[in-house]
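Following: one structure in structure tokens, then a few remarks.
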Ligand code: C5P
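Residue numbers (UniProt numbering): 1 to 198.
Here it is, written out as structure tokens:
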């Protein structure tokens, strides 16, 4: 069975949690496509070459979840040749046997416009900054809430305003705003949406 769930949305909206829960619930494979861009951003050197020669070891670096890697990713993600170099791998993953969930910024719009389910997961910048800040340790975090909010806004602006594959919902995406939902509520709603298309 081939079945693709495309999940897009801004940073820290809950895409990762929702994608992992859908994959677990339905037994689908999951690809966090942001990791590909993070690995390219952190590899150094020419980003286009980095994207063309990405290895498993690059994807296993333990600093890929840092704020620095997120910023580096959003810079290299503006380069069309970088995006092109990563597209085939993502498309093959999407059509693997047994179902696949991909989360990113352009899965429903560019990578898999034919996906059986498209979700656009979003939340207010303030909510997303607070969640990211709490993940980083809250009061013990190396950054203040205001700094994290500024970074969230900066990354949103770069992702939404770039010429190549800007972040936006596909015309037929279901919008899931998680601002006022608990994790469990957001996950339950996403599972319901996928179930209704199976
Ligand atoms: O989702 P994550 O925060 O890991 O993504 C890091 C950055 O990689 C995003 O801010 C975005 O610029 C870029 N990205 C992208 N397309 C994707 C996934 C991530 O442009 N499909």
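From the three backbone atoms N, C-alpha and C, an ideal C-beta is built for every residue, glycine too. Keep in mind the model is a prediction, meaning the values are calculated, not measured.
Pick out whichever of the options has its Cα sitting closest to the Cα of residue i.
i: residue 5; options: 56, 62, 11, 109; result: 109
i: residue 214; options: 98, 111, 167, 163; result: The structure shown does not extend to residue 214, since the chain is modelled only from 1 to 198, so the question has no answer here.
i: residue 86; options: 125, 39, 68; result: 39
i: residue 180; options: 172, 189, 173; result: 189
i: residue 195; options: 159, 14, 21; result: 21
i: residue 131; options: 146, 93, 24; result: 146
i: residue 152; options: 183, 67, 139; result: 67
Verify the contact flag: residue i, CB atom, against every heavy atom of ligand 1, threshold strictly below 7 Å.
i: residue 122; result: no
i: residue 149; result: no
i: residue 18; result: no
i: residue 4; result: no
i: residue 53; result: no
i: residue 107; result: yes
i: residue 178; result: no
i: residue 137; result: no
i: residue 35; result: yes
i: residue 104; result: yes
i: residue 58; result: no
Can residue i be considered in contact with ligand 2, in the sense that its beta carbon sits closer than 7 Å to one or more heavy atoms?
i: residue 186; result: Judged by which ligands are present, ligand 2 is missing from the structure shown, whose ligands are ligand 1.
On the premise that residue j lies in contact with residue i, defined as a C-beta separation below 8 Å, what is that separation, rounded to the nearest angstrom?
i: residue 104; j: residue 73; result: Not confirmed; about 10 Å, so no contact.
i: residue 91; j: residue 12; result: With a Cβ gap of about 26 Å, residue 91 and residue 12 do not count as contacting.
Along the alpha helix (DSSP H) that carries residue i, what are the first and last residues, could you check?
i: residue 52; result: 47 to 52
Ignoring anything shorter than 3 residues or poking outside the UniProt domain "Cytidylate kinase" (5 to 40), list the beta strand (DSSP E) runs there in chain order.
-> 29 to 32
Sequence ranges, alpha helix (DSSP H) only - wholly within the UniProt domain "Cytidylate kinase" (56 to 195), length at least 4 = 56 to 59, 67 to 76, 80 to 94, 125 to 135, 145 to 161, 183 to 195
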